[in-house]
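Trainee: Have a look at the structure that comes next, please.
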Amino acid sequence: MDPYIAGIDSCFNAGPSHYSATKSEIDLTNFNNVRFEWNQCTDGGLFKIYIWEDAGGLPGDDIFSELQLTDNSAGWNHSIISTSSISNSGDLWVGIREYTATQAIGMDTDNEGCSTVDNGDGWEELEGGNLAYRLTTCLDDNPAGCFSTGCPDNYVCLDDWENNCVSSDCDCNEDAGGWVCDDDCNGGTCFLTGCMDSDACNYNLVALVDDGSCAYELDCAGICGGGAVEDICGICDGNSINEEECAQYYCNMELASYLTFGQGTSDITGFYQDGREFAVIGLIQDDAAAFVDITDPFNPFEVGRIGGTPSIWRDLKYWNRHVYIGTEAEDGVKVVSVDDPDNPTLVNTITDFTNSHNIHIDADGYLYVV
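Numbering-wise (numbering that gives the first Met the number 0), the sequence shown opens with residue 0 and increments by one.
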């Protein structure tokens with residue numbers, strides 16, 4: 000992903016002797032130089048750089064122009080231009096005048112409303128996208144990661160075309176000798192990143208920028224995209240390499256002899272997570288389920304319980320760091336997060352129905368209730 004614009008996915012030419020521009024909110028007061036950046040689709044070509052004042056939401060009088068003849072290559076380019084004679088603290092427009100040899104400019108078609116074009120009949124808003132022109136007062140190359148600084152974890156700072164055509168721009172700290180990002184994302188917007196493929200097991204419904212993290216399979220520990228596999232003894236993420244080693248595992252644990260479960264139990268399931276093993280026991284009396292750490296089979300201990308209506312029937316399932324509890328009592332289906340296995344937490348209760356006899360979760364994460 001390009002750090003400046005969410006996605007350069009098309010190319011645009013205005014044509015010889017025609018102009019194109021993108022709005023830029025930047026204060027040039029007290030700056031002798033500014034960095035003009037543009038994205039072009041192929042190598043070569045030439046054009047004339049222009050800066051215009053804003054006139055009612057369109058480019059007005061030009062206040063700077065300069066030929067750009069060399070070092071024009073496919074992708075992002077920049078040119079340091081002198082702006083010592085310019086004093087402007089409001090909106091500006093930056094762009095180019097094209098010639099026959101001018102190569103197509105990169106365009107983001109996911110957004111529009113911040114670019115204009117003059118084909119000889121005056122300025123008009125460019126339909127179908129925004130052109131990849133921008134100004135910044137930082138003259139050096141932007142170090143990798145600068146645009147994620149100032150945002151929370153799993154967020155990225157990008158141009159927000161819907162926010163008055165403001166570009167994300169790091170402050171230039173001359174004393175520090177480089178780019179400095181503060182915590183407000185410097186005019187851009189912090190967008191949540193994540194997997195945006197609904198077929199993936201780690202699909203993030205609210206993510207706005209795909210980070211390439213999509214995974215499609217659960218490992219033996221129930222972790223989406225995890226690498227745990229069962230060893231020869233059937234132990235998830237175990238390290239046994241021959242069958243003789245399997246004899247060391249104590250496979251007949253009687254949990255009831257270690258712990259007290261009131262009037263009895265109605266179902267049991269288990270899961271392996273983060274190097275530990277757990278049992279989840281459906282209870283009959285005052286609680287829906289008990290969560291027990293059985294990593295050491297000789298010293299199991301209870302880590303928590305989830306309350307519920309007394310019932311002689313419960314059905315338990317584990318999927319993707321959550322335990323689902325169905326019951327013939329009128330409790331719906333309880334959804335318990337075990338992301339922190341030492342603190343099982345009720346995060347949702349599905350109440351589209353009152354009770355159930357069996358529940359099932361398929362490999363795609365669909366819950367079936369009988």
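C-beta: ideal position from N, C-alpha, C; glycine also.
Contact between the segment 106-124 and the segment 63-79: three or more CB pairs below 8 Å?
Mentor: Between the segment 106-124 and the segment 63-79, the count of Cβ pairs shorter than 8 Å is below three; the stretches do not touch.
Trainee: With 16 as the cutoff for other CB atoms within 10 Å, does GLY176 come out buried or exposed?
Mentor: In this prediction, GLY176 has a pLDDT of 39, which is less than 50 and means its spatial position is unreliable; what the coordinates show is noted afterwards. GLY176 counts as exposed, since fewer than 16 other beta carbons sit within 10 angstroms of its beta carbon.
Trainee: One question on the structure: do ALA214 and ALA227 come within less than 8 Å of each other, judged by their Cβ atoms?
Mentor: no
Trainee: Consult DSSP for GLU111 and reduce its assignment to one of helix, strand or coil.
Mentor: coil
Trainee: Among the residues of its own chain, which have a CB less than 7 Å from the CB of THR108, if the five just before and after it don't count?
Mentor: Correct list, in chain order: ASP8, SER9, GLY127, GLY128.
Trainee: Do LEU130 and ARG34 have their C-beta atoms within less than 8 Å of each other?
Mentor: no
Trainee: Of the residues ALA288, ASP295, GLY89, which one's Cα is nearest the Cα of GLY55?
Mentor: GLY89
Trainee: Relative to the alpha-carbon of ILE324, which residue among GLU229, PRO299, GLU301, ALA289 has its alpha-carbon at the smallest distance?
Mentor: ALA289
Trainee: Going by CA-CA distance only, name the one from ASP339, LEU191, CYS219 that's closest to LEU207.
Mentor: LEU191
Trainee: GLU126 by DSSP, collapsed to three states: which one?
Mentor: Three-state DSSP puts GLU126 in coil, outside helix and strand.
Trainee: Would DSSP call GLU242 helix, strand or coil?
Mentor: helix
Trainee: For ILE349, tell me which candidate among ASP361, VAL335, ASP341, ASN342 has the shortest Cα-Cα distance.
Mentor: With distances taken between CA atoms, ILE349 lies nearest to VAL335 out of ASP361, VAL335, ASP341, ASN342.
Trainee: Tell me where the beta strand (DSSP E) around PHE377 begins and ends.
Mentor: Any question about residue 377 goes unanswered here, given that the chain covers just 0 to 369.
Trainee: The beta strand (DSSP E) spanning ILE283 covers which residue range?
Mentor: Element bounds for ILE283: n/a, residue is neither H nor E.
Trainee: List the endpoints of the continuous beta strand (DSSP E) containing GLN39.
Mentor: 32-39
Trainee: In whole angstroms, what is the alpha-carbon distance linking ASN163 and THR21?
Mentor: Caution is warranted here: a pLDDT of 49 is assigned to ASN163, below 50, making its placement in the model unreliable, and the coordinate value is therefore given only provisionally. Whole-angstrom Cα-Cα distance: 12 Å.
Trainee: Between which two residues does the beta strand (DSSP E) holding VAL228 run?
Mentor: VAL228 -> no beta strand (DSSP E), and no H or E assigned at all.
Trainee: Going along the chain, which residues of its own chain have a beta-carbon closer than 8 Å to the beta-carbon of SER374, five neighbours each way excluded?
Mentor: Only positions 0 to 369 of the chain appear in this structure, which leaves residue 374 out of reach.
Trainee: So, are the CB atoms of ASN354 and GLU329 less than 8 Å apart?
Mentor: yes
Trainee: Mind checking who PHE300 pairs with in its DSSP beta bridge?
Mentor: Per DSSP, the beta-bridge partners of PHE300 are ASP292.
Trainee: Can you give the Cα-Cα distance for TYR365 and GLY307, rounded to whole angstroms?
Mentor: 24 Å
Trainee: If we ignore side chains and look at the alpha-carbon of each, how far apart do ARG133 and ILE25 end up?
Mentor: 10 Å
Trainee: Considering VAL322, what are the terminal residues of the beta strand (DSSP E) in which it resides?
Mentor: 321-326
Trainee: If we ignore side chains and look at the alpha-carbon of each, how far apart do SER72 and GLU97 end up?
Mentor: Going by C-alpha positions, SER72 is about 16 Å away from GLU97.
Trainee: Using C-beta distances below 8 Å, list every residue in its chain close to ALA154, excluding the 5 sequence neighbours before and after it, in chain order.
Mentor: Checking the sequence shown, residue 154 turns out to be Tyr, not Ala. The residues are SER147, CYS189, PHE190, LEU191, THR192.
Trainee: Go to GLU97, then tell me how far its beta strand (DSSP E) extends in each direction, as first and last residue.
Mentor: 90-97
Trainee: Compute the Euclidean distance between the alpha carbons of ASN76 and ASN31, then round it to the nearest angstrom.
Mentor: 20 Å
Trainee: What residue range does the beta strand (DSSP E) around SER374 cover?
Mentor: Past the boundaries of the shown model lies residue 374; the chain is included only from 0 to 369, so the question cannot be answered.
Trainee: Among the candidates LEU91, GLY263, ILE95, ASP60, whose CA atom is the shortest distance from the CA of ASN38?
Mentor: ILE95
Trainee: Less than 7 Å between the CB of THR268 and some heavy atom of the ligand ATP, yes or no?
Mentor: The ligand ATP is absent from the structure shown, which contains no ligand whatsoever.
Trainee: For VAL368, which beta-bridge partners are listed by DSSP?
Mentor: ILE358
Trainee: Run the CB neighbour count on SER23, radius 10 Å, all protein chains shown included, and call it buried at 16 or more, exposed below.
Mentor: buried
Trainee: Using a Cβ-Cβ cutoff of less than 6 Å, which residues in the same chain neighbour SER83 once the five nearest sequence positions on both sides are dropped?
Mentor: Its chain contains ASN31 as the residues whose beta carbon lies nearer than 6 Å to that of SER83, once the 5 sequence neighbours on both sides are disregarded; these appear in chain order.
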